[in-house]
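The sequence shown begins at 1 in the UniProt record's numbering and counts up by one.
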Amino acid sequence: MRGGPAAALLHPTGTMIAIPKVEDTLLVRWIRNMSASRWPGRFVAKTVVPTSVIVRDEASANADPDDSSGIVPKGDGRIVVMLTCQYNEILGGAEKQCAALTAGLRSAGTNVEVVTSRVPGFDVPEHEPGVRRFWTYSPPQLAGRHLPAGIVWAVQVFVWIAINRRRIAILHCHQLRINAYVAALAHAAFGIPTVMKLGVGGERNDFTIINQRKYLFGRRGTRFVIRNSTKVIAIASQIRADCLAWGVPEARIESVVNGVDLSRAAAVTIGAADPRIAAYDELRRFVFVGRLSPEKNAEAIVGAAAALGAGPKMQLDLLGDGPLTERIDLLRRDSTHVEIVPNGRVDDVFVHLQHMHFIVLVSWSEGLSNALLEAVSSGVVPILSDASGNRDVIPFPDYPFFVRDPSVAEIARVLDAARQMAVEDWRALSEQLAVAARAQFDSRHVCRSYIDIYRGIAKQ
């Protein structure tokens, strides 16, 4: 952290904590004066009653420093800010991972505040402790003609960060969009450490996205984000390679996978007692989980299922909605041999996964899919595109259900191969995948990894 003389902060336990003083800049003094005089109470941070604090009491303050509760230095009452452009509106993988990590960190005693957006048409939940929303007129993660809305949001967030800079221990960005520029600017201006978590690898990786002209800043802006990233999180081997290709120093890259709540997945029976085995010969159940949108290749999936000829009885469930809902509804009606069932957005995916044999995820722009982790840990056998993190989830090199290209014909070929699979082979593959996933992608282990990263930053 930058700064000069130490200041004091009163921790809830009554202990005075020394914190480094960040020298005021003209910009910060102007922001403070402006917010106090023109918009009293609007941008000035409200007193936050934390869901939990970094150290809850004196007993935990004297705990073993290697224990996972809290972030060193012990007694530090500052907050970790999760900076995400959207939260709960779509409940995509990035948002689910942000919510899961936030809950895990709070359980470990860390004071976390989620800073995100509020857009028209979205009803903010009544009880949202530890979530701060700034209004804008369009989702701030979009660019191009939507970029002014992102800038409106970004300016408000930066002002809030400037005013609260002494309370913020770390800015943690989930999926890099305009939030990455806000965090990088806060690091450059105030020395606040940043953790940048990339969500997508390959040709559409996060650095490539924010490098596009529609974000205005181009390559210089991307380089600025990289320079002002204390740590960069790679959730898949492809993303790690992308980071190195963009010039991120290897010492700053941390490989941390996404996690899944095993308390939910473990409730799904796998192995010889799996009730899906008895239902297999009567009906093979396939599922797609995600937004019905072009980047998820949803139309090709439905088209491929509709094009299948006669064979073992098969049903494809669609869990999600999106811009292609009407188009897909028309396509599914042309299906002769496969029943295609739209379910819309569901609140609890595990309720559906426990009945499914196969999941179809053939997006060509992925990181480490949340839907894939939930499915595989529940014993659902995946049909996948050979993209980004998908190979990291499959523990054997000769996996038979990778599609070679995103065409309807190729997806149909692999769907047909899957529905021809014998029940004994399905059971063995299902159990192998579930055991491997439950060992590797436990959200509790992921949370501990981030606590270790935060601790390392605090020691620098």
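From the three backbone atoms N, C-alpha and C, an ideal C-beta is built for every residue, glycine too.
Assign T222 to one of two classes, buried (16 or more other C-beta atoms within 10 Å of its C-beta) or exposed (fewer than that). buried
Between the C-alpha atoms of G3 and I210, what's the straight-line distance to the nearest angstrom? A caution first: G3 carries a pLDDT of 41, below 50, which makes its placement in the model unreliable, though a value can still be read off. Between G3 and I210, the C-alpha separation is close to 31 Å.
Does the Cβ of Y454 have 16 or more other Cβ atoms within 10 Å, making it buried, or fewer, making it exposed? buried
Quick check on DSSP: helix, strand or coil for H315? Strictly speaking, residue 315 in this sequence is Gln, with His absent from that position. Three-state DSSP puts Q315 in a strand.
Let me check understanding here. Comparing Cα to Cα, which of G109, G259, C85 lies closest to residue 477? Any property of residue 477 remains undetermined from this structure, which presents the chain solely from 1 to 460.
Assuming E431 is part of the alpha helix (DSSP H), what are its boundary residues? 423-440
As an exercise, report each continuous beta strand (DSSP E) stretch of at least 3 residues that is fully enclosed by the segment 380-421, in chain order. 381-385
W153 lies in the alpha helix (DSSP H); which residues open and close that run? 147-163
In the structure shown, what three-state DSSP assignment does S117 receive? strand
What number of angstroms, rounded off, separates the C-alpha of residue 481 from the C-alpha of L353? This structure cannot settle anything about residue 481, because the visible part of the chain is limited to 1 through 460.
Nearest to H146 (by Cα), restricted to the options E295, D416, A162, R177: R177
If the criterion is Cβ atoms closer than 7 Å, does the pair V414 and V403 meet it? yes
Go through the segment 188-217 residue by residue and report every complete run of the beta strand (DSSP E) that reaches 3 residues or more, in order. 194-197
Go through its chain and collect everything with a Cβ distance to V408's Cβ below 7 Å, but skip five positions before and after it. A300, G303, A304, A307
According to DSSP, is I54 helix, strand or coil? Per-residue confidence for I54 stands at a pLDDT of 34, beneath the threshold of 50, marking its modelled position as unreliable; no derived number is given.
Assuming F288 is part of the beta strand (DSSP E), what are its boundary residues? 284-289
In three-state terms, what does DSSP make of L308? coil
Tell me the rounded alpha-carbon separation between A143 and V112. 28 Å
DSSP three-state label for L330, please. helix
By the three-class DSSP mapping on this structure, what secondary structure does E95 have? helix
Counting Cβ pairs, one atom from each stretch, are 3 or more of them under 8 Å apart for the segment 319-338 and the segment 161-177? no
Hey, out of G93, T110, Y87, whose CA is closest to R448's CA? T110
Mind checking H187: buried by the 16 CB within 10 Å criterion, or exposed? buried
Note down, in chain order, each residue of its chain lying with its Cβ closer than 6 Å to the Cβ of W364, except the 5 sequence neighbours on either side. S385, A387, P406
Quick one: Cα of A458 to Cα of I192, how far? 11 Å
Pair within 7 Å by beta-carbon distance, L319 and V346: yes
Any contact between the segment 415-432 and the segment 263-283? By contact I mean 3 or more CB pairs, one from each, below 8 Å. yes
What is the C-beta distance between V260 and F396, in whole angstroms, given that I count them as a contact (C-beta under 8 Å)? Their Cβ separation, rounded to whole angstroms, is 20 Å, which puts V260 and F396 out of contact at 8 Å.
State yes or no: is the C-beta of G367 within less than 7 Å of the C-beta of A236? yes
Unbroken stretches of the alpha helix (DSSP H), 4 residues or longer, contained in the segment 222-257: 237-245
Taking the alpha-carbon positions, what's the A298 to V381 distance? 18 Å
Just how far apart, CA to CA, sit L262 and A94? 18 Å
V362 versus V341, S293, L101, residue with shortest Cα-Cα distance: S293
L361, DSSP secondary structure in three states: strand
Could you work out which residue in L244, Q315, L373 is closest to V435 when comparing CA atoms only? L373
Does the Cβ-Cβ distance between V225 and R252 come in under 7 Å? no
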